[in-house]
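These protein sequence lines map, in sequence, to chains Y and W.
Counted the way this note's numbering counts, the first sequence spans residues 1 to 112.
Counted the way this note's numbering counts, the second sequence spans residues 113 to 547.
Reading through the structure tokens given below for one structure.
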Amino acid sequence: MKMVMAVIKPHKLDAVREALTGIGIDGMTVTEVRGYGRQKGHTEIYRGAEYAVNFLPKVKIEIAIGDDLVERAVEAIQGAAHTGKIGDGKVFVYDMGRAVRIRTGETGDEAL
Amino acid sequence: MPNRKISSVIAMLAGIGVVLWPGLAAAQDTLSGGDTAWILTSTALVLFMTLPGLALFYGGLVRASSVLSVLMHCFAICCLVSVLWLVAGYSLAFSDGGFANPIIGGLDKAFFAGIGTDAMFGTIPEGVFFMFQMTFAIITPALIVGAYPERVKFSAVLFFSAIWLFVVYVPVTHWVWGGGWLADMGVRDFAGGIVVHVTAGVSALVFAAILGGRRGFPDQVRPPHNPGITMMGAAMLWVGWFGFNAGSALAADGNAGMAMLVTHISAATASLSWATVEWIKFGKPSLIGIVTGMVAGLATITPASGFVGPVGALIIGAVAGIVCQWMTTWIKQTIRIDDSLDVFAVHGVGGILGTLMLSFLALESFQGLGLAEGMSVGDHLFVQVVGIVSVAIWSALASYIIIKLASVLFGLRVSDEDEIEGLDITAHGERSYDL
Numbered sequence: 001m002k003m004v005m006a007v008i009k010p011h012k013l014d015a016v017r018e019a020l021t022g023i024g025i026d027g028m029t030v031t032e033v034r035g036y037g038r039q040k041g042h043t044e045i046y047r048g049a050e051y052a053v054n055f056l057p058k059v060k061i062e063i064a065i066g067d068d069l070v071e072r073a074v075e076a077i078q079g080a081a082h083t084g085k086i087g088d089g090k091v092f093v094y095d096m097g098r099a100v101r102i103r104t105g106e107t108g109d110e111a112l
Numbered sequence: 113m114p115n116r117k118i119s120s121v122i123a124m125l126a127g128i129g130v131v132l133w134p135g136l137a138a139a140q141d142t143l144s145g146g147d148t149a150w151i152l153t154s155t156a157l158v159l160f161m162t163l164p165g166l167a168l169f170y171g172g173l174v175r176a177s178s179v180l181s182v183l184m185h186c187f188a189i190c191c192l193v194s195v196l197w198l199v200a201g202y203s204l205a206f207s208d209g210g211f212a213n214p215i216i217g218g219l220d221k222a223f224f225a226g227i228g229t230d231a232m233f234g235t236i237p238e239g240v241f242f243m244f245q246m247t248f249a250i251i252t253p254a255l256i257v258g259a260y261p262e263r264v265k266f267s268a269v270l271f272f273s274a275i276w277l278f279v280v281y282v283p284v285t286h287w288v289w290g291g292g293w294l295a296d297m298g299v300r301d302f303a304g305g306i307v308v309h310v311t312a313g314v315s316a317l318v319f320a321a322i323l324g325g326r327r328g329f330p331d332q333v334r335p336p337h338n339p340g341i342t343m344m345g346a347a348m349l350w351v352g353w354f355g356f357n358a359g360s361a362l363a364a365d366g367n368a369g370m371a372m373l374v375t376h377i378s379a380a381t382a383s384l385s386w387a388t389v390e391w392i393k394f395g396k397p398s399l400i401g402i403v404t405g406m407v408a409g410l411a412t413i414t415p416a417s418g419f420v421g422p423v424g425a426l427i428i429g430a431v432a433g434i435v436c437q438w439m440t441t442w443i444k445q446t447i448r449i450d451d452s453l454d455v456f457a458v459h460g461v462g463g464i465l466g467t468l469m470l471s472f473l474a475l476e477s478f479q480g481l482g483l484a485e486g487m488s489v490g491d492h493l494f495v496q497v498v499g500i501v502s503v504a505i506w507s508a509l510a511s512y513i514i515i516k517l518a519s520v521l522f523g524l525r526v527s528d529e530d531e532i533e534g535l536d537i538t539a540h541g542e543r544s545y546d547l
């Protein structure tokens, strides 16, 4: 079992959701977050004065999936969230120790 | 008051006379239902400029954790000034001060004493005039709120606004509109370029300079948190300004109509000129830019609105959007005073520009309504400069002393910790957004 966590541009969320649904991933958790990487924020100009905005709005997606789906999920996210411009985001994959479906008490792959 | 009674009797007789002999001119103190209705309406419009117009305009420009404090400042100033206007403000501004009349009015009308419902001011009841003028007295110190947001103590705001009303606003109103020395000189200020915008603008600059900037000023302050509510507030200001300028005709007549027309044209033109300069300079025309241009256009046409025509309004608007914009940058980035919401650059400079430009834009060759009898453009310009300079000096000096006094009595600034946390929670115990 793996946890795939991706931070993407907010306007790419729908495209990523569709791509993941397309490969059979039916559940995900989405959070509005702020952050920066190489993009290093940007500046906004109000009444001629520049304001540095360090943390940009991003969307964080978390999906818990079986090992067999990981490669395709990462490809789907990368393909759908890609614009080629700085600030597209990143995908992280980490091992997941345990999963429990609260309603039924199922555990492991059964719970995903 | 015997004088009032006699004049009422004369007015009544004159009224009968008009009915019996329609050719007879109406006496001055005859009530005009049309004029009265328009000034009642204008009064509501001008109050609407402060609440919620100006409050929202300013509220959107500050950071999210201090928006309520700005709304609170505007609201509290409205209430405070209303009471003080009744107590003595109106009387000192608009009653006869006897030997001191060139400088200040008297206390005969304190608490609206002896006026009642029958007293007239021109063709409208004096109570209506009292209310109309009160809404001007409210918005003027409320404009200064833009100088000190996110860091000022609430007690200092109240103390400053109350004392400032009596030491700056009331005397200057008397000088210009209440029969004081500037009125005697023939200064022209139709709706408050000097009385409202120069007093508030200069005092705001002095307040900001003494108080010091927001933490991180100039390059690490937070940007405006909600340009959308700034636009909504600005739109209310635009509508309310019809009452401000066209109401200042104190009549429902052609002068009021022309004042409304030039007010609107100046606002529209200044919005366009501000946004165009932004577009050229920064590549993007912004919402905050276009609405700030609108306010600059309105402030600039204010003193001129009863004297210039549509072409004059176009010129005033175009100049306002460019000069006021340049001044915001100059004040904040060159001389580095954190007049946070640009009260001086937009209102003060606008008021000065309009007050000067009306000297020649009143000429009929600019479609203006003409110069005063026996005065040349040069005469007008001289008087206008005297008005601006004397009022600016008085505003700066008096504000300096009041602010120093507030500093000793209450302290001006909240702690660094409270400023970081935001005034909404630390000064008022409330929250606007869950962040």
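No residue lacks a Cβ here, since even glycine has one placed at the ideal position from N, Cα and C.
Quantities reported herein were computed from a predicted structural model and do not represent experimental measurements.
Looking only at its own chain, which residues have a Cβ that is under 7 Å from the Cβ of residue i, when we skip the five neighbours before and after it?
i: Gly-66(Y); result: Met-1, Asp-109, Leu-112
i: Ser-203(W); result: Gly-217, Gly-218, Leu-219, Asp-220, Lys-221, Ala-222
i: Thr-162(W); result: Cys-186, Cys-190, Ile-250, Ile-251, Ala-254
i: Ala-64(Y); result: Met-1, Met-3, Met-96, Ala-99, Leu-112
i: Pro-551(W); result: Only positions 113 to 547 of chain W appear in the structure, and residue 551(W) is not among them; the question remains open.
i: Cys-436(W); result: Ala-408, Ala-457, Val-458, Val-461, Gly-462
i: Asn-551(W); result: Here chain W has residues from 113 to 547 only, and residue 551(W) is not among them.
Nearest-angstrom Cα distance between residue i and residue j?
i: Trp-276(W); j: Ala-508(W); result: 11 Å
i: Arg-116(W); j: Ala-205(W); result: Note that Arg-116(W) scores a pLDDT of 49, beneath 50, so its modelled location is shaky; the value from the coordinates is reported in the next line. Whole-angstrom Cα-Cα distance: 19 Å.
i: Arg-327(W); j: Phe-478(W); result: 47 Å
i: Ala-346(W); j: Met-406(W); result: 8 Å
i: Leu-384(W); j: Met-184(W); result: 32 Å
i: Ile-236(W); j: Ile-505(W); result: 34 Å
i: Ser-511(W); j: Ser-315(W); result: 6 Å
i: Val-520(W); j: Asp-530(W); result: 20 Å
i: Val-374(W); j: Ala-361(W); result: 13 Å
i: Asp-546(W); j: Gly-523(W); result: 30 Å
i: Tyr-281(W); j: Val-307(W); result: 7 Å
i: Leu-493(W); j: Val-455(W); result: 24 Å
i: Gly-462(W); j: Asp-296(W); result: 24 Å
i: Trp-442(W); j: Leu-323(W); result: 19 Å
i: Val-240(W); j: Ser-544(W); result: 36 Å
i: Thr-440(W); j: Ala-457(W); result: 5 Å
i: Met-243(W); j: Thr-155(W); result: 7 Å
i: Ser-502(W); j: Gly-290(W); result: 16 Å
i: Tyr-36(Y); j: Pro-339(W); result: 24 Å
i: Leu-157(W); j: Met-344(W); result: 15 Å
Using a Cβ cut-off of 8 Å, pull out every chain W residue sitting near residue i, in sequence order please.
i: Val-53(Y); result: Pro-335
Can you pull the chain Y neighbours of residue i, defined as C-beta to C-beta under 7 Å?
i: Thr-441(W); result: Gly-48
i: Gly-209(W); result: Residues of chain Y passing the Cβ test: none, with the nearest at roughly 41 Å.
i: Gln-437(W); result: Gly-48
So which residues on chain Y does residue i lean against when the C-beta distance must stay under 8 Å?
i: Thr-404(W); result: Arg-47
i: Leu-394(W); result: For the sequence presented, residue 394(W) should be read as Phe rather than Leu. Those are Ile-45, Gly-48, listed as they occur along chain Y.
i: Ser-398(W); result: Ile-45, Tyr-46
i: Gln-496(W); result: Those do not exist, as Gln-496(W) stays about 28 Å from chain Y at its closest Cβ, beyond 8 Å.
i: Gly-424(W); result: Those within 8 Å of Gly-424(W) in chain Y number zero; the least Cβ separation is about 26 Å.
Under 9 Å between beta-carbons, which chain Y residues line up against residue i? List them in chain order, please.
i: Asp-331(W); result: Ala-49, Glu-50, Tyr-51, Ala-52
i: Gln-445(W); result: Gly-48, Ala-49
i: Gly-258(W); result: Going along chain Y, no residue has its Cβ under 9 Å from Gly-258(W), so there is no contact; the nearest lies around 12 Å.
Nearest CA to the CA of residue i: which residue from the options?
i: Gly-490(W); options: Leu-470(W), Gly-480(W), Trp-506(W); result: Leu-470(W)
i: Leu-69(Y); options: Val-93(Y), Val-100(Y), Asp-14(Y); result: Val-93(Y)
i: Val-53(Y); options: Val-333(W), Arg-525(W), Thr-252(W); result: Val-333(W)
i: Gly-145(W); options: Gly-234(W), Ser-194(W), Gly-466(W), Arg-300(W); result: Gly-234(W)
i: His-376(W); options: Trp-289(W), Leu-426(W), Phe-456(W), Val-307(W); result: Leu-426(W)
i: His-459(W); options: Thr-412(W), Val-257(W), Phe-419(W), Asp-451(W); result: Thr-412(W)
i: Leu-13(Y); options: Glu-106(Y), Glu-50(Y), His-82(Y), Tyr-36(Y); result: His-82(Y)
i: Pro-330(W); options: Phe-456(W), Asp-451(W), Thr-538(W); result: Asp-451(W)
i: Ile-151(W); options: Gly-324(W), Gly-325(W), Asn-357(W), Trp-287(W); result: Asn-357(W)
i: Val-279(W); options: Ala-312(W), Ala-295(W), Thr-247(W); result: Ala-312(W)
i: Arg-175(W); options: Ser-194(W), Tyr-260(W), Leu-143(W), Ser-207(W); result: Tyr-260(W)
i: Arg-448(W); options: Glu-62(Y), Ala-49(Y), Pro-57(Y), Gly-41(Y); result: Ala-49(Y)
If I measure Cβ to Cβ from residue i and keep anything under 8 Å in the same chain, skipping five residues before and after, which residues do I get?
i: Gly-22(Y); result: Ala-76
CB-CB under 6 Å to residue i, same chain, minus the five flanking residues each way: which ones, in chain order?
i: Lys-60(Y); result: Val-7, Thr-31, Val-33
i: Val-74(Y); result: Val-91
i: Ala-15(Y); result: Ala-80
Problem set entry | Selection of the stretch 452 to 476 of chain W by Cβ proximity to chain Y, strictly under 8 Å | Of all residues in the stretch 452 to 476 of chain W, Asp-454 have a Cβ within less than 8 Å of some Cβ in chain Y.
For this session: Anything in the stretch 218 to 244 of chain W with a Cβ closer than 9 Å to a Cβ of chain Y? List those residues in chain order, please.
Result: none
Exercise. If contact means a Cβ-Cβ distance below 9 Å, which residues of the stretch 160 to 188 of chain W contact chain Y?
Worked result: Leu-173
Problem set entry | Near-chain Y residues of the stretch 311 to 325 of chain W - C-beta to any C-beta below 9 Å | none
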